[in-house]
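Asker:
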Amino acid sequence: MTSPSDHIYSAIIIGAGFGGLGQGAQFVRDGVDDFLILERGNDVGGVWRENTYPGAACDTQAVIYCFSYFLNLKVSRMFAGQEELQGYLHALSEEFGLNERLLLNQNVTEATWDEEQLIWAVRTAGGERFLTRSLVAAWGQLNEPNVPAFPGSDSFQGIAFHSANWRHDVDLVGKRVASIGSAATAVQYVPEVAKVASELTVFQRSANYILPRDQIIFSEEETERFLADPDSYRELRQSIHELREAGFERTRAHTAANQEGVELARQHREAQITDPELRAKLTPDYDYGCKRILRSDEFYPALTRDNVELVTERIAEVTPTGIRTADGAEHEFDVIIYATGFKSHAFHGSTRVTGRGGISLDQRWGNAPEAYLGITVDNFPNLFLVYGPNTNLNHNSVVSMLEPQHRYISQAVRYLADHNSTALEVGREVLEQFTTYLQEELSKSAFSSDCSSWYKNEDGRVINNWSGTVEEYRSKTHDLRLEDYLQPAEQGAR
């Protein structure tokens, strides 16, 4: 598939994960047919293409981790694995004809707003140029692996890699392995690595609240019932959605519901860990919900294996033979795995985005990214973010947040298709009022309490998470309100 450099698309979507493909599917559903999807990788899937570590799976129930208009009726288990989720996205692409609008291996390096033509010019690392009325950025929040710059990292003579770039060519059988990190990714691969490594040392910076996963494997009969009677699937989906929505109350600081979450995590920990010293190391010392709540039935038991050790001393440096901790202890390893998360505040990755008057998105945001409804930013007309600032969840499925964003953006793109001489730029005051409201609500949340988390910037401001429930977000994004956006005369006067 090729594109003439002078063709102006109605929309270009950057990214082919749940955010980008879902937006494409919504366009097709709404009759928007002149759009393109640019994906930097060699396949669709986003995080489900890139994260292939052993045990990789979603910690949200699969029946709510899919779009309402394209149910994952062939789901095999409640918490689906990486291959199954990527398979769902392949099926989504096929169902809505997205493969015909998809260009792979297209790393977008630059997007520039042309004020005279009211279009975005998009350039890729390969030198290609595309023009579009609307730019939909579906980069995601967890797309750039983060590897801390420990002193001596380059000196390690063994094999080291980030969990998002798993080295499947490295046989871990009989190896001495270090896992730097013990959060969402590590709780999934640690039990698998522990089965084959001669020694596995897990370096934990802070303990996590972990709830039971209680995996359910759907029988062939149950899957057949879902396929024959999708309403039975919808009923299960709705009941889990309501349960997860009710769980939002646990994220409110200093409440009975919050304490209930602490108690559930304590019961799970004590049921699986009998050693009082290990249990103490695994007990969080911060408010429930301040960090991501994890789900695992296998992580705690893995830590009790004879070949597994949990280390809570700070890492002082990486040495040629392993890791030295702050207490002076030397730990020798053959392999170091970095489960150190992602650059979650780099919402636009390495792409340079330049808006009105030559201002870049980096300049506009500084260290505090913000967007109206998590979707639009002043000085960046016709730019729409999917899974942008303050749209992440701790309590429910992120896919349930993506769907209302997709519908909102589709309304905007269709409006612009009918009004070629105008642009949609959110008013600065509108964004400021929204941000003030949002941060006031977040101040009541455990997200804002005293802990270090990827939800917050270095100033302690929560920039990743939404402040309420999914239903509250759906209400706010239900209709595109043109009064929230500057009119042509106002745009020209700026």
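All the letters of the sequence shown, read from the start, carry residue numbers 5 to 498 under our numbering. A virtual CB, placed ideally from N, CA and C, is assigned to each residue, including glycine. Keep in mind the model is a prediction, meaning the values are calculated, not measured.
#1: According to DSSP, is Y57 helix, strand or coil?
#2: Using 8 Å as the threshold, is the stretch 285-293 in touch with the stretch 427-442, meaning 3 or more CB pairs across them?
#3: For Q30, collect the residues of the same chain with a Cβ closer than 7 Å to its Cβ; drop the 5 residues on either side in sequence, then sort them by chain order.
#4: Please state the DSSP three-state secondary structure of F165.
#5: Just the C-alpha distance for A60 and F451, rounded to the nearest angstrom, thanks.
#6: When the Cα of I297 is compared with those of T227, G101, A421 and V266, which residue comes out closest?
#7: Let's see if you can read the secondary structure: which residues bound the alpha helix (DSSP H) around I379?
#8: Could you tell me the alpha carbon to alpha carbon distance between A125 and G101, rounded to whole angstroms?
#9: So, is N212 buried or exposed, given that buried needs 16 or more other C-beta atoms within 10 angstroms?
#10: Return the Cβ separation of I319 and G162 in integer angstroms, given the expectation that the two are a contact with Cβ distance under 8 Å.
#11: Between the stretch 42-55 and the stretch 377-394, can you find at least three pairs of beta-carbon atoms closer than 8 Å?
#12: Which whole-angstrom value describes the C-beta separation of R241 and V474, a residue pair presumed to lie in contact below a C-beta threshold of 8 Å?
#13: Determine the closest residue to T116 out of L75, V177 and V357, with distance taken between C-alpha atoms.
#14: Mind checking G370: buried by the 16 CB within 10 Å criterion, or exposed?
#15: What did DSSP end up calling V197 once you bin it into helix, strand or coil?
#16: Between the stretch 173-188 and the stretch 200-215, do three or more beta carbon pairs fall short of 8 Å?
#17: Which of the three DSSP states, helix, strand or coil, is assigned to W470?
#18: Over what stretch of residues does the beta strand (DSSP E) that includes R180 continue unbroken?
#19: Considering only the beta carbon of each residue, do E336 and G326 sit closer than 8 Å?
#20: Roughly how many angstroms lie between the CA atoms of L93 and W143, to the nearest whole one?
#21: Who are the Cβ neighbours of P58 in its own chain at under 7 Å, not counting the five residues just before and after it?
#22: Counting beta carbon pairs with one atom in the stretch 259-279 and one in the stretch 143-159, are three or more of them shorter than 8 Å?
#23: Just to confirm, is the Cβ distance from F154 to E321 under 8 Å?
#24: Report yes if the CB atom of I123 is closer than 8 Å to the CB atom of L135, and no otherwise.
#25: Would DSSP call D483 helix, strand or coil?
#26: Locate the beta strand (DSSP E) running through F388, then write down its first and last residues.
#27: Buried or exposed: which applies to G378, given that a residue is buried once 16 or more other Cβ atoms fall within 10 Å of its Cβ?
#28: Beta-carbon within less than 7 Å of A306's beta-carbon, same chain only, minus the 5 sequence neighbours each way: which residues are those?
#29: Determine, using beta carbons only, whether E374 and L435 come nearer to each other than 8 Å.
#30: For D34, which residues in the same chain have their Cβ closer than 6 Å to its Cβ, ignoring the five residues on either side in sequence?
#31: Alpha carbon to alpha carbon, what distance is there between Y342 and P324?
#32: When the Cα of V36 is compared with those of G431, Y304, A15 and F22, which residue comes out closest?
#33: Run through the DSSP bridge pairs and tell me what F39 is partnered with.
#34: Does T6 come out as helix, strand or coil in the three-state DSSP assignment?
#35: Would a check of beta-carbon distances place Y237 closer than 8 Å to chain B?
#36: Is N396 helix, strand or coil when you go by DSSP?
Answerer: In this structure, then:
#1: Start at 1 with the first residue of the sequence shown, and residue 57 comes out as number 53. Y57: coil per DSSP, three-state reduction.
#2: no
#3: Numbered from its first residue, the sequence shown carries residue 30 at position 26. Closer than 7 Å at the Cβ level, and outside the excluded window around Q30, lie H410, R411 and S414.
#4: On the sequence shown, residue 165 is found 161 positions in, with the first residue counted as 1. In this structure, F165 counts as strand in the three-state DSSP scheme.
#5: Residue mapping note: residue 60 aligns to position 56 of the sequence shown, counting from 1. Residue mapping note: residue 451 aligns to position 447 of the sequence shown, counting from 1. Cα to Cα, the separation comes out at about 25 Å.
#6: For the purposes of this step, residue 297 is taken as residue 293 along the sequence shown, with counting starting at 1. Among T227, G101, A421 and V266, the Cα nearest to that of I297 belongs to V266.
#7: In the sequence shown, counting from the first residue as 1, residue 379 sits at position 375. First-last for I379: undefined, no H or E at that position.
#8: Taking the sequence shown and counting its residues from 1, the one referred to as residue 125 is at position 121. Taking the sequence shown and counting its residues from 1, the one referred to as residue 101 is at position 97. A125 and G101: Cα-Cα distance of roughly 25 Å.
#9: What you label residue 212 is simply residue 208 of the sequence shown in a count that begins at 1. That one is buried.
#10: Locating residue 319 in the sequence shown gives position 315, where the first residue counts as 1. Locating residue 162 in the sequence shown gives position 158, where the first residue counts as 1. Not confirmed; about 15 Å, so no contact.
#11: no
#12: Taking the first residue of the sequence shown as position 1, residue 241 is located at position 237. Taking the first residue of the sequence shown as position 1, residue 474 is located at position 470. That pair is no contact at about 13 Å.
#13: Taking the sequence shown and counting its residues from 1, one reaches residue 116 at position 112. For T116, the nearest C-alpha among the options comes from V357.
#14: As a working mapping, residue 370 is identified with position 366 in the sequence shown. Under this definition G370 is an exposed residue.
#15: On the sequence shown, residue 197 is found 193 positions in, with the first residue counted as 1. Reduced to three states, the DSSP call for V197 is helix.
#16: yes
#17: Counting from 1 along the sequence shown, the entry for residue 470 is found at position 466. Here W470 sits in coil by DSSP.
#18: Within the sequence shown, numbered from 1, the residue matching residue 180 stands at position 176. From DSSP, the beta strand (DSSP E) with R180 extends over R180 to I184.
#19: On the sequence shown, position 332 is the one that residue 336 refers to. On the sequence shown, position 322 is the one that residue 326 refers to. Yes.
#20: Taking the first residue of the sequence shown as 1, we reach residue 93 at position 89. Taking the first residue of the sequence shown as 1, we reach residue 143 at position 139. If I take the Cα positions, the gap works out to 16 Å.
#21: Reading the sequence shown from its first residue, position 54 is the one you call residue 58. Only Y193, E196 and V197 meet the Cβ criterion.
#22: no
#23: Here residue 154 refers to the residue found at position 150 when the sequence shown is read from its first residue. Here residue 321 refers to the residue found at position 317 when the sequence shown is read from its first residue. Yes, the pair counts as a contact, with Cβ atoms nearer than the cut-off.
#24: As a first step, residue 123 must be located in the sequence shown, where it is residue number 119. As a first step, residue 135 must be located in the sequence shown, where it is residue number 131. Yes, Cβ-Cβ distance for I123 and L135 is below 8 Å.
#25: Taking the first residue of the sequence shown as 1, we reach residue 483 at position 479. Looking at D483 - three-state DSSP - the assignment turns out to be coil, as it is neither helix nor strand.
#26: The residue labelled residue 388 in the question sits at position 384 within the sequence shown. Counting along the chain, the beta strand (DSSP E) containing F388 begins and ends at L387 to L389.
#27: Here residue 378 refers to the residue found at position 374 of the sequence shown. It is buried - the Cβ of G378 has at least 16 other Cβ atoms within 10 Å.
#28: Position 302 of the sequence shown, counted from the first residue, corresponds to residue 306. Here the set comprises V194, P195, A198 and V312.
#29: As a first step, residue 374 is located in the sequence shown; it is residue number 370 there, counting from the start. As a first step, residue 435 is located in the sequence shown; it is residue number 431 there, counting from the start. A contact, by the Cβ cut-off of 8 Å.
#30: Stepping through the sequence shown from its first residue, residue 34 is reached at position 30. Same-chain partners within the cutoff: S414.
#31: Position 320 of the sequence shown, counted from the first residue, corresponds to residue 324. Position 338 of the sequence shown, counted from the first residue, corresponds to residue 342. Roughly 16 Å separates the two Cα atoms.
#32: In the sequence shown, the residue the question calls residue 36 occupies position 32. The shortest C-alpha separation from V36 is found at A15.
#33: Here the question's residue 39 lines up with position 35 in the sequence shown. According to DSSP, F39 bridges with A15.
#34: The residue labelled residue 6 in the question sits at position 2 within the sequence shown. Because the pLDDT of T6 is 44, which lies under 50, any placement of that residue in the model is unreliable, and the number read from its coordinates should be weighed accordingly. Coil.
#35: This model lacks chain B altogether, as it is built from one protein chain only.
#36: Here residue 396 corresponds to residue number 392 of the sequence shown, with the count starting at 1. In this structure, N396 counts as strand in the three-state DSSP scheme.
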